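Undergrad: Per our numbering, residue 11 is the first one in the sequence shown, and the count goes up by one each step.
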Amino acid sequence: MSIPPSNLPHSCSSQSSTMRIEGQHPTLLQAGGCASCTASLSTCQQCHYRQIFAQSLDGILVMQLDRPMAWDVEQTCDRTLDEIYHHLKVVEVNDAVLRQYGATTSQMLGMAQSDFFAHDPEQGKALLRHFLNQRQLCQETEERRFDTGAPIFFEVNCTGLYNTDDHFTGCVLIQRDITTRKHMEQQLHASEERYRQLISSLEQQVNQRTRELTEALAFEALLKRITDRVRDSLDEQQILQVVVESMTAGLGLISCNTGRYDPEQQISTVVHDCTHDRSHSALGTIWKMDEFPYIYHQLLAHQYFQFCDCHTLLGWVTILVAPIYDDQGTIGDLWLIREPGLPFSPSEIRLVQQVTNQCAIAIRQARLYQAAQQQVKELERVSSLKDDFLNTVSHELRTPIASIKMASEMLELSLESVDLGDRNSRIHRYISILQAESDREIGLINDLLDLSRLEAESMMIIKTVVHLQHWLPHLVEPLQPQIQRQQIRFSLDVDANLPSLITDLSGLERIITELLRNACKYTRAHEQIRLSAQRQGTGVCIIVSNSGSMIPPHERDRVFEKFYRIPNADPWNHGGTGLGLSLVQRLTDYLGGKICLECRDPWVRFIVTLPLELPDHGRSAS
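1. Buried or exposed: where does P562 fall if 16 or more other Cβ atoms within 10 Å of its Cβ makes it buried?
2. Inspect the beta-carbon positions of S448 and K415 and report whether they are closer than 8 Å.
3. So, using beta-carbon positions, are T268 and V252 closer together than 8 Å?
4. Look up G547 in the DSSP assignment and say whether it is helix, strand or coil.
5. By DSSP, does Y335 sit in helix, in strand, or in coil?
6. On the three-state DSSP scale, how would you describe R610?
7. In whole angstroms, give me the CA-to-CA distance for L39 and M73.
8. Using the C-alpha atoms, what's the distance from I552 back to P621?
9. By the 10 Å Cβ neighbour count, where 16 or more other Cβ atoms means buried, how is D175 classified, buried or exposed?
10. In whole angstroms, what separates the C-alpha of I249 from that of V240?
11. Alpha carbon to alpha carbon, how far is R204 from S116? Give it in angstroms, no decimals.
12. Measuring alpha carbon to alpha carbon, tell me which residue in E153, Q368, G547 is nearest L9.
13. If you follow the alpha helix (DSSP H) that D505 is part of, which residue opens it and which one closes it?
14. For A372, which of N167, S265, C606, I334 has the nearest alpha-carbon?
15. Using a threshold of 8 Å, state whether the C-beta atoms of Q546 and L508 are closer than that.
16. Could you spell out where the beta strand (DSSP E) holding L227 opens and where it closes?
17. Can you have a look at V365 and say buried or exposed, based on whether 16 or more other CB atoms are within 10 angstroms of its CB?
18. Could you have a look at T158 and say whether DSSP puts it in helix, strand or coil?
19. Which stretch, first to last residue, makes up the beta strand (DSSP E) that contains Y271?
20. Hey, quick one: how far does the beta strand (DSSP E) through L71 stretch, first residue to last?
21. Please state whether the Cβ-Cβ distance between D514 and L624 is less than 8 Å.
22. What do you get for K396, buried or exposed, if any count of 16 or more other CB atoms within 10 angstroms of its CB means buried?
23. Rounding to the nearest angstrom, what Cα-Cα distance links D567 and K387 in this structure?
24. I need the straight-line Cα distance from I277 to A370, nearest angstrom please.
25. According to DSSP, simplified to helix, strand and coil, what is V253?
26. Nearest by alpha-carbon distance to N556: which of E565, S210, R575, K531 is it?
27. With burial defined as no fewer than 16 other Cβ atoms inside 10 Å of the residue's Cβ, what is the status of F164: buried or exposed?
28. Ordered along the chain, which non-local residues of its own chain (more than five positions away) have a Cβ less than 6 Å from that of D187?
29. Taking the alpha-carbon positions, what's the I455 to V554 distance?
30. On the CB-based measure, 16 or more other CB atoms within 10 Å of its CB, does T158 come out buried or exposed?
31. Give me the residue from R610, F573, R155 with the minimum Cα distance to L108.
32. So L138 and T151 are supposed to be a Cβ contact under 8 Å. How far apart are they, rounded?
33. Within 8 Å, do at least three Cβ pairs link the region 125-133 to the region 77-91?
34. Please report the distance separating the alpha-carbon of P78 from that of L198.
35. Closest by CA to S413, which one among E451, Q385, L389?
36. Please report the distance separating the alpha-carbon of L511 from that of H477.
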């Protein structure tokens, strides 16, 4: 900031903004007037001015020539200007200047006027000439930072220093950094220009955008209507009909038709058509693909295209053709026809592509559904035939097997009556085998018949009150010889406070017996079998566990399937039909319970959960 003469204790010979000094090395304190004024300043005032100099937010520079030089506006030549330009140097700066330039004091002191305008000497000389002519300067300048070389802008107030002979000795510059303001002005100017350009085209853009949004909303609504209708349908014919009718109405077409491809015969048949004039309909037309390779090669390559053609009935028209395809191949195509000179826009083409994609998905789902329905019907027919066959065979075999069983028992009694003795032990062994196999076949037949009755929900249920604490020990007694023979450790654990159970006793007995026999079949010697019963919520939980024989994870989901047996898992070679666990599962369901398999090394657990009271069935008795 400058120090006005009015702040000095007495007047001096200063005029206007020109400062007159004596001596060759002025300081900031001399800038306010002549040497006699400076000499009269008190030490306190000097400190005050020094504080102002140091704390000023504006940059203050004092520049001085090596010797005073006369300057005459009319007569001074360019040589004098060049000498001043190169020899007017900085002798004092404040901290604000250092911050503005990103420089140090040593860098600044001794710098000439020419150094500040090294990037633009012509501008520097022009400003200096103007300053010397006017003896003052208020100007915006562009200079460069020392540290980064970036442009900086200053608002400069420059005041000349002159001696008593009115010769120029130097100057004091007060400069304010306006770089931020200049940048903002530039940005403002750029923004104003952009704003003017925006205003000039705003109406056109708004109208264009309005048309695009209106069209996009209409196309979105059309696509949603088509998608909703085809998604709700599993009829391929209805899907295609919806598409051609909706596209004709939505896009204002002359005609729209769809063809279905036959890859074996290499033909396309028009299966649906929508046109304003039914006499122009192409419905039923068959196109041979090899006769129009330029069309069908592109469609089979999943490419859409549009072209103009002279239609036999409609004359010149614009045609857009799009394939209907998915990852399994091309299903058919969609032909859209409109007046000539009206090409399909990119947004219309995107809409057609989206419609054909949805159409392909819906058609494939419809075909999969039809195929699944056919398979279901076939499986139901095969399953019914199988069940009928098993039921018939079981009934037909039950009587002769029972007769064979009875005959073997009578034969055994007859042999005992004649007292053949030990010499005929081979005959007795044969009779035992015959009886055992008869029992096995009778068990198989009974299992098949029970399964048939369970699946038909025709098994008789007799509700009985069962006290598991007393009943389970008697149930396992017949299995004890086999358990001991196989050297298996067996344990029974029944909750003493277990409530009574109302269920079908024969069904429950069949479930537990079958699970125990299954455990014996797959448990090796010296391993364990556990039977436990406990209360669980509103029901009873019965668990049959065996150790040492894990079921592979990929086999666990199949153990309840009919006729399924785990491969190579029977260490005792007892054999079986694979009906036991399937029968157990169906019996458990029939008794209102659930059964699940749990494998945690080394234990395999079959967990049966039953309600405390059996729900009513259609065929039950108390």
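All C-beta atoms in this analysis are idealised placements derived from N, C-alpha and C, irrespective of residue type, glycine included.
Predicted model, so just to flag it, every value in this text is computed and none were measured.
TA: For this structure:
1. The sequence position of residue 562 within the sequence shown is 552, counting from 1. Label assigned to P562: exposed.
2. For the purposes of this step, residue 448 is taken as residue 438 along the sequence shown, with counting starting at 1. For the purposes of this step, residue 415 is taken as residue 405 along the sequence shown, with counting starting at 1. Yes, the pair counts as a contact, with Cβ atoms nearer than the cut-off.
3. Taking the first residue of the sequence shown as position 1, residue 268 is located at position 258. Taking the first residue of the sequence shown as position 1, residue 252 is located at position 242. The answer is no: Cβ separation not under 8 Å.
4. Here residue 547 refers to the residue found at position 537 of the sequence shown. The three-state reading of DSSP puts G547 in coil, since its state is none of H, G, I, E or B.
5. Residue 335 sits at position 325 when you count from the first residue of the sequence shown. Here Y335 sits in strand by DSSP.
6. Counted from its first residue, the sequence shown places residue 610 at position 600. Shown here, R610 sits in a strand according to DSSP, grouped into three states.
7. Locating residue 39 in the sequence shown gives position 29, counting from the first residue. Locating residue 73 in the sequence shown gives position 63, counting from the first residue. Since pLDDT at L39 reaches only 41, below the 50 mark, its modelled position is unreliable, and the value read off the structure follows with that caveat. L39 and M73: Cα-Cα distance of roughly 13 Å.
8. Counted from its first residue, the sequence shown places residue 621 at position 611. Counted from its first residue, the sequence shown places residue 552 at position 542. Each residue's Cα considered, the two are about 11 Å apart.
9. Walking along the sequence shown from the start, residue 175 turns up at place 165. By the neighbour-count rule (16 or more Cβ atoms within 10 Å), D175 is not buried but exposed.
10. Here residue 249 refers to the residue found at position 239 when the sequence shown is read from its first residue. Here residue 240 refers to the residue found at position 230 when the sequence shown is read from its first residue. So the two alpha carbons sit approximately 5 Å from each other.
11. Here residue 116 corresponds to residue number 106 of the sequence shown, with the count starting at 1. Here residue 204 corresponds to residue number 194 of the sequence shown, with the count starting at 1. Distance between the alpha carbons of S116 and R204: 45 Å.
12. Look at the range of the chain in this structure, 11 to 632, and you will see that residue 9 is not part of it.
13. Taking the first residue of the sequence shown as 1, we reach residue 505 at position 495. No alpha helix (DSSP H) holds D505; DSSP gives it neither H nor E.
14. Here residue 372 corresponds to residue number 362 of the sequence shown, with the count starting at 1. Measuring from the Cα of A372, the nearest candidate turns out to be I334.
15. For the purposes of this step, residue 546 is identified with residue 536 of the sequence shown, where counting begins at 1. For the purposes of this step, residue 508 is identified with residue 498 of the sequence shown, where counting begins at 1. Contact flag unset, no.
16. If you number the sequence shown from 1, residue 227 lands on position 217. L227: not part of any beta strand (DSSP E); member of the alpha helix (DSSP H) spanning 189-241, first to last residue.
17. Here residue 365 corresponds to residue number 355 of the sequence shown, with the count starting at 1. It is buried - the Cβ of V365 has at least 16 other Cβ atoms within 10 Å.
18. Residue mapping note: residue 158 aligns to position 148 of the sequence shown, counting from 1. For T158, the three-state secondary structure derived from DSSP is coil.
19. For this step, residue 271 is matched to residue 261 along the sequence shown. Where Y271 is concerned, the enclosing beta strand (DSSP E) stretches over 265-272.
20. Along the sequence shown, read from residue 1 onward, the residue named residue 71 stands at position 61. Start and end: 69-79.
21. As a first step, residue 514 is located in the sequence shown; it is residue number 504 there, counting from the start. As a first step, residue 624 is located in the sequence shown; it is residue number 614 there, counting from the start. Contact flag set, yes.
22. Numbered from its first residue, the sequence shown carries residue 396 at position 386. Exposed is the call here.
23. Numbered from 1 along the sequence shown, position 557 holds the residue referred to as residue 567. Numbered from 1 along the sequence shown, position 377 holds the residue referred to as residue 387. Roughly 25 Å between the two C-alpha positions.
24. Position 267 of the sequence shown holds residue 277. Position 360 of the sequence shown holds residue 370. About 18 Å.
25. Counted from its first residue, the sequence shown places residue 253 at position 243. Three-state DSSP puts V253 in a helix.
26. Locating residue 556 in the sequence shown gives position 546, counting from the first residue. Cα-wise, what sits closest to N556 is K531.
27. Within the sequence shown, the letter at position 154 stands for residue 164. Looking at its Cβ environment, which holds 16 or more other Cβ atoms inside 10 Å, F164 is buried.
28. Mapped onto the sequence shown, residue 187 falls at position 177. If we look at D187 and ignore the five residues flanking it on each side, its Cβ neighbours are Q110.
29. Residue 455 sits at position 445 when you count from the first residue of the sequence shown. Residue 554 sits at position 544 when you count from the first residue of the sequence shown. The straight-line gap from Cα to Cα measures roughly 26 Å.
30. Translated into the one-based positions of the sequence shown, residue 158 becomes position 148. So T158 counts as exposed.
31. Here residue 108 refers to the residue found at position 98 of the sequence shown. Residue R155 is the option with its Cα nearest to L108.
32. Here residue 138 refers to the residue found at position 128 of the sequence shown. Here residue 151 refers to the residue found at position 141 of the sequence shown. Your pair L138 and T151 does not check out as a contact, with CB atoms roughly 11 Å apart and the cut at 8 Å.
33. no
34. Along the sequence shown, one-based indexing puts residue 78 at 68. Along the sequence shown, one-based indexing puts residue 198 at 188. Distance between the alpha carbons of P78 and L198 is about 45 Å.
35. On the sequence shown, position 403 is the one that residue 413 refers to. Minimum Cα distance to S413 is reached at E451.
36. Position 501 of the sequence shown, counted from the first residue, corresponds to residue 511. Position 467 of the sequence shown, counted from the first residue, corresponds to residue 477. Answer to the nearest angstrom: the Cα atoms are 6 Å apart.
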